Amino acid sequence: MTEQVDRRTFARKAVAAIGAAISAVFGIPAAATMLDPALRSKRARWTPVGTLSTLEEAQPQRVTYEVAVGWEKREVPIYLIRTGQDVLALSAKCTHAGCRVRYADKTDQFKCPCHGGIFSSTGEVVVGPPSRPLDRLETRVTKGRVEVRV
Ligand code: FES
């Protein structure tokens, strides 16, 4: 009888060990694959958004870059404003409630369609309700290519 109990105990432990080994072999790579997009989105990286030669001096130009949100890719609009060899990048997301601002050539301002917020061509608040300027993205120009850090 003691021998049977030992065999059962051994069999249970062997099955548990095999199950753990199978879980480790298949589970760890599967978990890494599922978590990768979420982890990747937390890392800042330089993303190309245009070329310096195509930007007109002091003329905001709308461009987009792609971000991964979970399993989806989303286009994020921003505005690039060239000043000589430098480029200012402004988020197109209104700082009041997140609507998309649009650049108006006639007034040289960014206007928010949701609650009437107005920003200057450098992103400063001209008319509320927004209480802070448009967010700025870090930029760099490498071999004529404009990149933003996102
Ligand atoms: S979301 Fe832009 S003014 Fe409210």
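Heads up: take any position in the sequence shown, counting from 1, add 6, and you land on my numbering.
Here a beta-carbon is modelled for each residue, glycine too, at the ideal position from N, C-alpha and C.
These figures come from a predicted structure and were not determined experimentally.
heavy atom of ligand 1 below 7 Å from Pro135 C-beta: yes
Any non-hydrogen atom of ligand 1 closer than 7 Å to Gly104 Cβ: yes
Helix, strand or coil at Thr53 [DSSP, three-state]: strand
C-alpha distance - Ile24 paired with Asp141, whole-angstrom precision: 53 Å
Contact test: Gly122 Cβ vs ligand 1 heavy atom, cutoff 7 Å: yes
Three-way DSSP call (helix, strand, coil) for Lys99 in this model: strand
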